[in-house]
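*Asks:* Using our numbering, read the sequence shown as starting at 2 and increasing by one per residue. Don't be surprised by glycine CBs; every beta carbon is placed ideally from N, CA and C. Have a look at this one.
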Amino acid sequence: MADLGQLYDVLVIGAGNAALCAAITARRAGARVLVLEAAPRHFRGGNSRHTRNVRYAHAAATDYVTGPYTVEEYWDDLLRVTAGKTNETLARMVLEQSETVPDWMMEQGVRFQQPLSGTLGLARTNAFFFGGGKNMMNTYFAKAEELGVDILYEAEVTDLTLENGRCGGVKVRHANADHDVTARAVVVAAGGFEANIDWLKEGWGEGAGNFLIRGTPYNKGRLLRILLDHGARSVSEADQCHAVPIDARSPKFDGGICTRVDCVIFSVVVNNKAERFYDEGEDIWPKRYAIWGRLVAQQPDQIAYAIIDSKSQGIFMPTVFPAIEAGSIRELAEKLELDSAGLEKTVEQFNAAVQPGDFDATAPDGCHTEGLTPPKTNWARKLDTPPYYGYPLRPGITFTYLGVEVDEKARVLFGGGTPADNIFAAGEVMAGNILGQGYAGGIGLLIGTVFGRIAGEEAARRAVN
Numbered sequence: 002m003a004d005l006g007q008l009y010d011v012l013v014i015g016a017g018n019a020a021l022c023a024a025i026t027a028r029r030a031g032a033r034v035l036v037l038e039a040a041p042r043h044f045r046g047g048n049s050r051h052t053r054n055v056r057y058a059h060a061a062a063t064d065y066v067t068g069p070y071t072v073e074e075y076w077d078d079l080l081r082v083t084a085g086k087t088n089e090t091l092a093r094m095v096l097e098q099s100e101t102v103p104d105w106m107m108e109q110g111v112r113f114q115q116p117l118s119g120t121l122g123l124a125r126t127n128a129f130f131f132g133g134g135k136n137m138m139n140t141y142f143a144k145a146e147e148l149g150v151d152i153l154y155e156a157e158v159t160d161l162t163l164e165n166g167r168c169g170g171v172k173v174r175h176a177n178a179d180h181d182v183t184a185r186a187v188v189v190a191a192g193g194f195e196a197n198i199d200w201l202k203e204g205w206g207e208g209a210g211n212f213l214i215r216g217t218p219y220n221k222g223r224l225l226r227i228l229l230d231h232g233a234r235s236v237s238e239a240d241q242c243h244a245v246p247i248d249a250r251s252p253k254f255d256g257g258i259c260t261r262v263d264c265v266i267f268s269v270v271v272n273n274k275a276e277r278f279y280d281e282g283e284d285i286w287p288k289r290y291a292i293w294g295r296l297v298a299q300q301p302d303q304i305a306y307a308i309i310d311s312k313s314q315g316i317f318m319p320t321v322f323p324a325i326e327a328g329s330i331r332e333l334a335e336k337l338e339l340d341s342a343g344l345e346k347t348v349e350q351f352n353a354a355v356q357p358g359d360f361d362a363t364a365p366d367g368c369h370t371e372g373l374t375p376p377k378t379n380w381a382r383k384l385d386t387p388p389y390y391g392y393p394l395r396p397g398i399t400f401t402y403l404g405v406e407v408d409e410k411a412r413v414l415f416g417g418g419t420p421a422d423n424i425f426a427a428g429e430v431m432a433g434n435i436l437g438q439g440y441a442g443g444i445g446l447l448i449g450t451v452f453g454r455i456a457g458e459e460a461a462r463r464a465v466n
């Protein structure tokens, strides 16, 4: 049972994947550990509840992946999606340590399943766990409790006592009372600020009011703001985030991964002026889905529409909301409240530009357009087979990248780069060190796992010393 009056060795703030990895690691190292979670117990787990796989380097096929994925290929993928905006030292460390991650997860009780086929395109690079993120987090909580980690829910950390890079204690709001909690070392793993719409507006302007938040409503960025206000060095920018196109009919918060719309690469995507604005077939979906949230966010009123015909139904992951169906493009435009003549013209121009080719839904197939701006470089097929279907899209924010800078020991860096004495960070609050922009499916969980373990180990070592 948590005792807020005693001195703990390691205090972990947050209770998502990174936090539990830190807590379990610190406890296994012999530290007395307290986890403080702002959310109620039934909302525990943060955004990690909505995950389902981890991208990791491996030398060969296993029971969980279909082939090799080397550290160098992983590095090339990361460079491509981030356009080089990454800390190479930290990134390479994460990718190299990724090879140990599935075994470590299984040691805690997580179970993986056989490779998935279909349009996800991740069977070679990513391992999927049974029961998704909810089951993974429940497994971690069970392990932490078994090891003797104290966990307190509805306990919001409202301030840190900081001086010269050292945390002397934290203020906690719990059960309608304020408490002072002390620990020899602190791990901040309390997520980003994606649920703080006012903070999102600082980077995106008023349009951020139209964003939908895929994950927990409890990630308000309070701990990040406290650290930055006390002089912690920042990484990335306020408008950088993991954002994907999700169904515009989704809830404002916590809709989760099922709200994602995966038909973009097979679609004609238009804004509310019925105009295309980007190459839908640039690359396979796992390497490009994260740029589409940003693309939609840049459109008027932060909305777009993915349009397919009957040929494409059933070749992408099912959506939680049914498509809007119509017998003609004009009728579909009316149902989507788009300009009918404008959408008909856009589709006619697209169809006229499509070149003959051998369509392959599972890999870049070279089916392309010619003489069209923007082009479509893969999976270009005429929209000519009714019925037609449309999905309204909004930016779905998963997590933000603006965070605190850390070193290889997960220590928060202050001022001119001085590492904190006893403050460590893991997960979304420091993911911007690796992800300056862009995303590759499954890397967020990897960053949280690797740095969670590092933070837990180093915090336990600092507490002992």
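Looking at the unbroken beta strand (DSSP E) that takes in tyrosine 306, where does it start and where does it end?
*Replies:* Sequence index remark: in the sequence shown, residue 306 carries index 305 (1-based). Per DSSP, tyrosine 306 belongs to the beta strand (DSSP E) from 305-310.
*Asks:* Between the Cα of glutamate 147 and the Cα atoms of Ile14, Ala24, Ala298, Asp4, which residue gives the shortest distance?
*Replies:* The residue given as residue 147 occupies position 146 in the sequence shown. Looking at the Cα atoms, Ala24 is the closest of the given residues.
*Asks:* As a quick exercise: from Leu373, Ile424, His243, Phe131, pick the residue whose alpha carbon is nearest that of alanine 354.
*Replies:* Within the sequence shown, numbered from 1, the residue matching residue 354 stands at position 353. Measuring from the Cα of alanine 354, the nearest candidate turns out to be Leu373.
*Asks:* When you compare only the Cα positions, how much space is there between glycine 391 and threonine 126?
*Replies:* In the sequence shown, counting from the first residue as 1, residue 391 sits at position 390. In the sequence shown, counting from the first residue as 1, residue 126 sits at position 125. Computed Cα separation, rounded: 31 Å.
*Asks:* On a Cα-Cα basis, can you pick out the residue from Asn88, Ser235, Asp240, Arg261 that is closest to isoleucine 247?
*Replies:* To locate residue 247, count along the sequence shown from 1; it is residue 246. Answer by Cα proximity: Arg261.
*Asks:* Report yes if the CB atom of leucine 213 is closer than 8 Å to the CB atom of arginine 395, and no otherwise.
*Replies:* Here residue 213 is taken as the residue at index 212 of the sequence shown, counted from 1. Here residue 395 is taken as the residue at index 394 of the sequence shown, counted from 1. The answer is yes: Cβ separation under 8 Å.
*Asks:* Of all the alpha helix (DSSP H) runs that stay within the bounds of the stretch 323-405, which reach a length of 4 or more residues?
*Replies:* 330-337, 341-354
*Asks:* What residue ranges within the stretch 20-72 form continuous beta strand (DSSP E) runs of no fewer than 3 residues, ordered along the chain?
*Replies:* 34-37, 54-56
*Asks:* Nearest by alpha-carbon distance to valine 55: which of Met137, Ala209, Thr399, Glu157 is it?
*Replies:* In the sequence shown, residue 55 corresponds to position 54, counting from 1. Among Met137, Ala209, Thr399, Glu157, the Cα nearest to that of valine 55 belongs to Met137.
*Asks:* If contacts are defined as beta-carbon pairs under 8 Å, then proline 319 and glycine 122 qualify, I think. What distance do you get, rounded to the angstrom?
*Replies:* Residue numbering aside, residue 319 sits at position 318 when the sequence shown is read from its first letter. Residue numbering aside, residue 122 sits at position 121 when the sequence shown is read from its first letter. With 8 Å as the limit, proline 319 and glycine 122 do not qualify as a contact, their Cβ atoms being about 16 Å apart.
*Asks:* At what residues does the alpha helix (DSSP H) containing arginine 223 begin and finish?
*Replies:* One-based indexing of the sequence shown puts residue 223 at position 222. Per DSSP, arginine 223 belongs to the alpha helix (DSSP H) from 223-230.
*Asks:* Mark proline 252 as exposed unless 16 or more other C-beta atoms lie within 10 angstroms of its C-beta, in which case mark it buried.
*Replies:* Along the sequence shown, one-based indexing puts residue 252 at 251. Answer is exposed; the Cβ neighbour count stays below 16.
*Asks:* Out of Ser237, Ala209, Arg234, Glu195, which one is the CA nearest neighbour of proline 218?
*Replies:* Position 217 of the sequence shown holds residue 218. Checked all of Ser237, Ala209, Arg234, Glu195; the closest Cα to proline 218 is Glu195.
*Asks:* So, alanine 156 versus leucine 12, is the Cβ gap smaller than 8 Å?
*Replies:* Numbered from 1 along the sequence shown, position 155 holds the residue referred to as residue 156. Numbered from 1 along the sequence shown, position 11 holds the residue referred to as residue 12. Not a contact, by the Cβ cut-off of 8 Å.
*Asks:* Counting C-beta neighbours from all protein chains within 10 Å, is the total for threonine 90 16 or more, i.e. buried, or is it exposed?
*Replies:* Your numbering for residue 90 matches position 89 in the sequence shown. With fewer than 16 Cβ atoms within 10 Å of its Cβ, threonine 90 is classed as exposed.
*Asks:* Let me check understanding here. Comparing Cα to Cα, which of His43, Asn211, Lys86, Pro301 lies closest to tyrosine 440?
*Replies:* Within the sequence shown, residue 440 is the residue found at index 439, counting from 1. Tyrosine 440 has its Cα closest to that of Lys86, out of His43, Asn211, Lys86, Pro301.
*Asks:* Let's see if you can read the secondary structure: which residues bound the beta strand (DSSP E) around threonine 419?
*Replies:* On the sequence shown, position 418 is the one that residue 419 refers to. Per DSSP, threonine 419 belongs to the beta strand (DSSP E) from 419-426.
*Asks:* Out of Gly232, Leu384, Glu345, Asp64, which one is the CA nearest neighbour of glutamine 115?
*Replies:* Counting from one through the sequence shown, the residue named residue 115 turns up at place 114. Closest option to glutamine 115, judged by alpha-carbon separation, among Gly232, Leu384, Glu345, Asp64: Asp64.
*Asks:* Contact check, valine 173 vs valine 269 under 8 Å by CB: the rounded distance?
*Replies:* Within the sequence shown, numbered from 1, the residue matching residue 173 stands at position 172. Within the sequence shown, numbered from 1, the residue matching residue 269 stands at position 268. That pair is no contact at about 52 Å.
*Asks:* Report all residues from its chain with a CB closer than 6 Å to the CB of alanine 244; omit the five preceding and five following residues, and keep chain order.
*Replies:* Numbered from 1 along the sequence shown, position 243 holds the residue referred to as residue 244. Closer than 6 Å at the Cβ level, and outside the excluded window around alanine 244, lie Gly294, Arg295, Pro396, Ile398.
*Asks:* Would you mind stating whether alanine 275 and glycine 343 have Cβ atoms separated by less than 8 Å?
*Replies:* As a working mapping, residue 275 is identified with position 274 in the sequence shown. As a working mapping, residue 343 is identified with position 342 in the sequence shown. Against a cut-off of 8 Å, the Cβ pair of glycine 343 and alanine 275 comes out as a contact.
*Asks:* Let me know if threonine 71 comes out buried or exposed under the rule of 16 or more other beta-carbons within 10 Å of its beta-carbon.
*Replies:* Your numbering for residue 71 matches position 70 in the sequence shown. Result: exposed.
*Asks:* Would aspartate 474 and proline 387 be called neighbours here (beta carbons separated by less than 8 Å)?
*Replies:* The shown model of the chain, from 2 to 466, leaves out residue 474, and the question about it has no answer.
*Asks:* Isoleucine 304 to arginine 331, Cα distance in whole Å?
*Replies:* Position 303 of the sequence shown holds residue 304. Position 330 of the sequence shown holds residue 331. Straight-line Cα distance between these residues: approximately 19 Å.
*Asks:* So, at 6 Å on beta carbons, what are the nonlocal neighbours of arginine 481 in its own chain, with the 5 sequence-adjacent residues on each side left out?
*Replies:* Look at the range of the chain in this structure, 2 to 466, and you will see that residue 481 is not part of it.
*Asks:* Once you ignore the five residues that flank serine 99 on each side, which residues in its own chain have a CB closer than 6 Å to its CB?
*Replies:* Locating residue 99 in the sequence shown gives position 98, where the first residue counts as 1. Counting only Cβ-Cβ distances below 6 Å, and skipping sequence neighbours, we find Tyr57, Ala58, Leu447.
*Asks:* Check whether the stretch 74-82 touches the stretch 431-445, taking contact to mean three or more Cβ pairs, one atom from each stretch, closer than 8 Å.
*Replies:* yes
*Asks:* Considering Cα atoms alone, identify which of Ala176, Thr401, Val189, Met2 is closest to arginine 412.
*Replies:* Looking up residue 412 in the sequence shown gives position 411. For arginine 412, the nearest C-alpha among the options comes from Val189.
*Asks:* Measure the CB-CB distance between glutamate 371 and methionine 94 and report whether it falls below 8 Å.
*Replies:* Translated into positions along the sequence shown, residue 371 becomes position 370. Translated into positions along the sequence shown, residue 94 becomes position 93. The answer is no: Cβ separation not under 8 Å.
*Asks:* What three-state label does DSSP hand proline 246 in the structure shown?
*Replies:* Mapped onto the sequence shown, residue 246 falls at position 245. Three-state result, proline 246: strand.
*Asks:* Around the C-beta of aspartate 10, are 16 or more other C-beta atoms found within 10 angstroms, so that it is buried, or is it exposed?
*Replies:* Looking up residue 10 in the sequence shown gives position 9. Aspartate 10 is buried by the Cβ-count criterion.
*Asks:* Go to threonine 292, then tell me how far its alpha helix (DSSP H) extends in each direction, as first and last residue.
*Replies:* Here residue 292 refers to the residue found at position 291 when the sequence shown is read from its first residue. Residue identity differs from the one stated: residue 292 is isoleucine in this sequence, not threonine. Here the alpha helix (DSSP H) through isoleucine 292 covers 286-298.
*Asks:* Can you grab the Cα-Cα spacing for the pair histidine 175 / leucine 161, in whole Å?
*Replies:* By one-based count along the sequence shown, residue 175 stands at place 174. By one-based count along the sequence shown, residue 161 stands at place 160. Taking the straight line from one Cα to the other gives about 15 Å.
*Asks:* Specify the secondary structure class of arginine 215 as computed by DSSP and reduced to three states.
*Replies:* Mapped onto the sequence shown, residue 215 falls at position 214. Of the three classes helix, strand and coil, the one that applies to arginine 215 here is coil, per DSSP.
*Asks:* Locate the alpha helix (DSSP H) running through leucine 148, then write down its first and last residues.
*Replies:* If you number the sequence shown from 1, residue 148 lands on position 147. Per DSSP, leucine 148 belongs to the alpha helix (DSSP H) from 133-148.
*Asks:* Could you check which residue in Val102, Ala32, His51, Asn165 has the C-alpha nearest to that of aspartate 255?
*Replies:* Here residue 255 refers to the residue found at position 254 of the sequence shown. When only C-alpha atoms are compared, the closest one is His51.
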